[in-house]
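Chemist:
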Amino acid sequence: MYIKRNESGQVVQVSREATEECREFVSPGAPELQSFLSGEKDADSLALSKSDLAFVRVLEDVINVLMDKGVISFTDLPEPAQQKLLERQSLRERRNSVGLMSDTDDDII
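Counting the sequence shown from 1 gives a position; this note's numbering is that position plus 192.
Written out as structure tokens, the structure reads:
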């Protein structure tokens with residue numbers, strides 16, 4: 193990808209091909225490019241968003257451990273939390289059933 197930066201060095205324009213304005217090549221996975229494409233203000237914001245997604249899986253695992261040990265019951269959770277857990281469980285089972293990921297894989301792509 194080719195980018196154009198402003199005076200502060202932030203990405204302000206992107207092109208698949210080199211143009212008069214977009215001359216600097218960056219890898220498609222470059223954090224600054226990903227940040228620009230996702231609308232995040234900076235790489236720290238992008239990292240925080242990715243961390244949030246990973247943390248959701250941690251919380252889900254903690255809830256499952258608490259239920260397995262009998263500390264809490266599924267019905268102790270508020271209805272919206274129950275629905276979200278059921279949706280995630282269903283999505284993960286469907287994904288695993290087609291062999292795309294194992295149960296130990298993270299949900300982050």
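All C-beta atoms in this analysis are idealised placements derived from N, C-alpha and C, irrespective of residue type, glycine included.
Does the contact criterion of 3 or more C-beta pairs under 8 Å hold for the stretch 241-261 versus the stretch 204-224?
Modeler: No, the stretch 241-261 is not in contact with the stretch 204-224.
Chemist: On the DSSP letters alone, give me the boundaries of the alpha helix (DSSP H) that residue 207 sits inside.
Modeler: Residue 207 sits at position 15 when you count from the first residue of the sequence shown. Looking at the DSSP string, residue 207 is not in any alpha helix (DSSP H); the run it does join, the beta strand (DSSP E), is 203-207.
Chemist: Just verifying my parser: in three-state terms, what is the DSSP assignment at residue 213?
Modeler: Working through the sequence shown from its first residue, we reach residue 213 at position 21. If DSSP states are grouped into helix, strand and coil, residue 213 belongs with coil.
Chemist: Among 200, 196, 230, which one has its Cα closest to the Cα of residue 215?
Modeler: Looking up residue 215 in the sequence shown gives position 23. The residue with the shortest Cα to Cα distance from residue 215 is 196.
Chemist: Have a look at the DSSP bridge pairing and note the partners of residue 197.
Modeler: Along the sequence shown, one-based indexing puts residue 197 at 5. DSSP output for residue 197 lists 203 as bridge partner(s).
Chemist: Excluding five sequence neighbours on each side, which residues of the same chain lie with their C-beta closer than 8 Å to the C-beta of residue 198?
Modeler: Taking the first residue of the sequence shown as position 1, residue 198 is located at position 6. Around residue 198: 204.
Chemist: Alpha carbon to alpha carbon, what distance is there between residue 201 and residue 276?
Modeler: On the sequence shown, position 84 is the one that residue 276 refers to. On the sequence shown, position 9 is the one that residue 201 refers to. So the two alpha carbons sit approximately 41 Å from each other.
Chemist: Any idea what DSSP makes of residue 289, helix, strand or coil?
Modeler: Residue mapping note: residue 289 aligns to position 97 of the sequence shown, counting from 1. Three-state DSSP puts residue 289 in a helix.
Chemist: With a threshold of 8 Å on Cβ separation, who are the neighbours of residue 274 within its own chain once the five nearest residues in sequence on each side are excluded?
Modeler: Locating residue 274 in the sequence shown gives position 82, where the first residue counts as 1. Same-chain partners within the cutoff: 266, 267.
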